[in-house]
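Undergrad: Residue numbers (the numbering used here): 4 to 90.
The beta-carbon is built from N, C-alpha and C at its ideal position, and this holds for glycine as well.
Remember, predicted model here, so these are calculated numbers, not experimental data.
Sharing a structure below in structure tokens format, with a few things to ask.
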């Protein structure tokens with residue numbers, strides 16, 4: 004999704020300073036599952052409201068697995084590490 008330009012990467016620092024999100028800082032509350040798709044709705048760079056729908060079956064399975072994991076936090080990586088954040 005990042006490679007295709009579907010999401011901006013984002014960073015914790017940018018999120019803290021601007022209250023906007025990217026792929027690595029999206030929260031569970033920014034997504035929902037709907038009939039074969041995962042929908043994302045969040046504030047992006049320059050305070051633009053972003054709405055994206057992922058419909059690729061393999062991507063939806065992966066995203067759904069991430070969204071079902073315990074804990075809170077971002078879908079992507081957190082705290083400047085390569086360790087996936089909890090969802």
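Threshold first: 3 residues or longer. Then list the beta strand (DSSP E) segments lying entirely within the stretch 23-77, N to C.
TA: Entirely contained in the stretch 23-77, the beta strand (DSSP E) runs reaching 3 residues are, in chain order, 34-37, 40-46 and 52-57.
Undergrad: Are the beta-carbon atoms belonging to residue 40 and residue 56 less than 8 Å from one another?
TA: Closer than 8 Å, so yes.
Undergrad: If you follow the alpha helix (DSSP H) that residue 20 is in, where does it begin and where does it stop?
TA: Start and end: 15-21.
Undergrad: Label residue 9 either buried or exposed according to how many other C-beta atoms from any shown protein chain fall within 10 Å of its C-beta, with 16 as the threshold for buried.
TA: Classification for residue 9: exposed.
Undergrad: Can you tell me which of the three DSSP states residue 88 falls into?
TA: In this prediction, residue 88 has a pLDDT of 45, which is less than 50 and means its spatial position is unreliable; what the coordinates show is noted afterwards. Coil at residue 88, not helix or strand.
Undergrad: Assign residue 67 to one of two classes, buried (16 or more other C-beta atoms within 10 Å of its C-beta) or exposed (fewer than that).
TA: Exposed, because fewer than 16 other Cβ atoms sit within 10 Å of the Cβ of residue 67.
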